[in-house]
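Student: Count along the sequence shown from 1, add 965, and you get the number used in our numbering.
Got a structure for you, questions after.
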Amino acid sequence: MTPDELRQSYVDFMKRIGASQVPSSSLLPENDPSTLFTGSGMQPMVPYLLGEKHPIGNEIANIQKCLRTVDIDEVGDTSHLTFFEMIGRWEFKANEHNYKQKQIDAIWHWQIIELGMDPGRLYISAFAGSDELNIPKDTEATQLWSAKFKSVGIEPIIEDDPWQYGASRGGKIFLYDEKENWWSRAGSPLHMPVGEPGGPDSEMFYDLDPSGDPLDHPASESDRFLEIGNNVFMCYTKGETGFVKMKNPNLDYGGGLERVATALNGDKDIYNTAFFLNPKNKLMELSGKSYADDLKSFRIILDHVRAATFLINDGAEPANSDAGYITRRLLRRAIRAGKKIGIQGSFVGQLSEVYIDEATAYEDLIRNKKKVIEIVNKEESLFYRTLQQGEFEIQKHLKNKGKVTGADAFYFYETYGFPLELTEEYLTESGYSMEDKASYTEAAKKHTEMSRTASAGKFKGGLAEHSAETTALHTVSHLLLAGLREVLGDHVHQQGSNITSERLRFDFNHDEKLTPEQIAEVEKYVNDAISSKAVTSISELPKLEAKESNVEGNFWDKYPDIVKVYTIQDHEGKVWSREVCGGPHVEDTTNLGTFRIAKEQSSAAGVRRIKGVIKDKAIRI
């Protein structure tokens, strides 16, 4: 089954059971500076899990692009990926009497009946309950899964002591405590703040090695059991004295599309799925080596180039900070791995092109193919120059000092981007060895601590922690875009934004540097809107109707069928801004203060960036 066929199978099945499809959000979250990347399908759904009404209904499904940087150093084994696609299904304010059955019925039918997955190799985890927290065992989920196994002639033995016996007693359903089978944004139930929703989850695992160690079990550190999905039953709220059952719980299912493909393949190696087949063949052609010759290097290249390709398309061009730094790190790690398997000259752009040509589910990536490959090639060329400069600096250092310590190696990395591994490799080739290598770790740790101190003032809680400041600047960003379009022309659209409690950063397409006069005109437009005491209103419109009525938006192919439109209009009827958005906004502009453009500069070819602040604000939300 090809990736496109697998995606389409999921989308079609979700539609048949009544779930409305929403497109993937960007890998770069809007208005959430608490995280660099979208790391799960749930992330864009949090407002609706917390009670906000979703514009297209209570049952939603999607396939979300995700990136998890915590897995960068894990890439190279059989299952870890930095970029992956997460299939999801949500039910908001569900019927407490049947929502678990509905989900378990659905995911069983898709995996076992539609895809033909072997139920004999499917294993389940469920919540064992907690006497200490007065939360009962998830008997309902256990019984529902048991019925499914019985329906195909499998005896569903329930293992209540997996850490002692593993799978040796024939267990199919494994019971774990809250450390393994409880979900909330805060983690374990003990860490949940009052008012926070959470609940037991039930994970699905596929046995990739039925003849493996009988003491292995789903939660053990083993590559035998591959997690392919998780069903979160968000049915409790943390109260002052304990946990309160919700009358209208939420359902959140998330599964790894590539992992489902791995299970269907029956092979432990995720890189042997169709997601990586053609890129792998291209890499073998470029290197003249087989995949088996250097599994780790091949996997690093395959994963990192794929991730960087999607990141660049979503706006994270290689840079020295924030999201762009991760893109740069991924590409440079891939280039280093390419050297290890003997690739001479540029290759990353060629591999990126293979991924783009196969990304038929992502029309925006197909459209941006030329631009993405140009950026990849430019970064690869830049890194080769970095390598040359790094080698020159090491030569000079050896001539002057006669040795290179770990701390020196970190200096080469921090200053020139020259990696530790290449410093060691160069020293070995030159007849030297690194002295006091431990000082590299010490220098890196000191640098990290300094970076954390410097960034301590960064906004970390999304729009919830500093709601007044960030909400005010979010509203101002709408007025800023309207002002830019008024002054520069209707060709101007938003290309990206980042909002902290102190400032807004706004990217827009425009080929020329703004003149001082244009900056003054834009500032005047925003401040005139603020002083008009304009009121913010919200409406929900069909996407086509909104687009045809000239509502501002630049991501129409990514919007759902029903969109939220925020209008900022004064009491005389003048519309200052009308734009598709997810909110939130101030209720009126009366106390926003004075807006000032602090900086205007280039962000990328054809893209300008404005940093702006508001002063003397006293906001009502």
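The C-beta atom is built at its ideal place from N, Cα and C for all residues, glycine as well.
Remember, predicted model here, so these are calculated numbers, not experimental data.
1) Tell me the DSSP bridge mates of G907?
2) Looking only at C-alpha atoms, which of D1096, Y1088, T1370 and K1539 sits nearest to K1113?
3) Does the beta-carbon of V1040 have 16 or more other beta-carbons within 10 angstroms, so that it is buried, or is it exposed?
4) Leaving out five residues before and five after S1416 in sequence, what residues of the same chain have Cβ atoms less than 8 angstroms from its Cβ?
5) Within the continuous alpha helix (DSSP H) that includes F1348, where are the two ends?
6) If you draw a straight line from the alpha carbon of A1372 to that of D1279, how long is it in whole angstroms?
7) Name the one or two DSSP bridge partners that M1082 has.
8) Does the beta-carbon of V1319 have 16 or more other beta-carbons within 10 angstroms, so that it is buried, or is it exposed?
9) Mind listing, in chain order, the continuous alpha helix (DSSP H) runs of no fewer than 4 residues lying wholly within the segment 1499 to 1566?
10) Taking only the alpha-carbon atoms, compute the straight-line gap between I1193 and M1051 and give it to the nearest angstrom.
11) Considering only C-alpha positions, which residue in the set E1537, D1526, V1491 and L1260 is nearest to E1043?
12) So the candidates are Y1490, D1096, T1435 and I1562; which of them puts its Cα closest to the Cα of V1551?
13) Since K1366 and R1468 are thought to touch, with beta carbons under 8 angstroms apart, how far apart are those beta carbons, to the nearest angstrom?
14) Run the CB neighbour count on F1357, radius 10 Å, all protein chains shown included, and call it buried at 16 or more, exposed below.
15) Taking the beta carbon of E1430 as the centre, do at least 16 other beta carbons fall within 10 Å, making it buried, or is it exposed?
16) Put M1211 into one of helix, strand or coil per three-state DSSP.
17) For S1095, collect the residues of the same chain with a Cβ closer than 7 angstroms to its Cβ; drop the 5 residues on either side in sequence, then sort them by chain order.
18) Tell me whether E1105 counts as near the ligand GDP, meaning its Cβ is closer than 6 angstroms to at least one heavy atom of that ligand.
19) With DSSP as the reference, please indicate the residues paired to I1123 in a beta bridge.
20) From what residue to what residue does the alpha helix (DSSP H) around F1263 run?
21) With a threshold of 6 angstroms on Cβ separation, who are the neighbours of G1382 within its own chain once the five nearest residues in sequence on each side are excluded?
22) If you pair each beta-carbon of the segment 1053 to 1060 with each one of the segment 1211 to 1223, do three or more pairs fall below 8 angstroms?
23) Where does D1553 land, buried or exposed, given buried means 16+ other C-beta within 10 angstroms?
24) Beta strand (DSSP E) containing N1463: first to last residue?
25) Under three-state DSSP, which class holds Q953?
26) Would you grab the beta carbon distance between P1127 and G1136 for me? Rounded to a whole angstrom, and I think it's under 8 angstroms.
27) Drop a sphere of 10 angstroms on the beta-carbon of S1567, count the other beta-carbons inside from all chains shown, and report buried for 16 or more, exposed for fewer.
28) Taking the continuous beta strand (DSSP E) assigned at F1471, which residues delimit it?
Tutor: Taking the definition as stated:
1) No statement about residue 907 is possible, as the shown extent of the chain runs from 966 to 1586 and does not include it.
2) Y1088
3) buried
4) Reliability fails at S1416, whose pLDDT of 41 lies under 50, so the model's placement of it is uncertain and the value that follows must be treated cautiously. There are no such residues.
5) K1334 to K1366
6) 36 angstroms
7) DSSP output for M1082 lists no bridge partner at all.
8) buried
9) 1508 to 1513
10) 10 angstroms
11) What sits at residue 1043 in the sequence shown is Thr, not Glu. The shortest Cα separation from T1043 among E1537, D1526, V1491 and L1260 belongs to L1260.
12) T1435
13) Not really, about 43 angstroms apart at Cβ, beyond 8 angstroms.
14) exposed
15) Reliability of the predicted coordinates at E1430 is poor, the pLDDT of 36 falling under 50, and no value is obtained from them.
16) strand
17) D1142 and E1143
18) This structure simply doesn't include the ligand GDP, nor any ligand for that matter.
19) I1138
20) L1260 to N1278
21) T1351
22) yes
23) buried
24) Q1459 to I1464
25) With the chain covering 966 to 1586 only, the question about residue 953 has no answer from this structure.
26) 7 angstroms
27) exposed
28) L1469 to N1474
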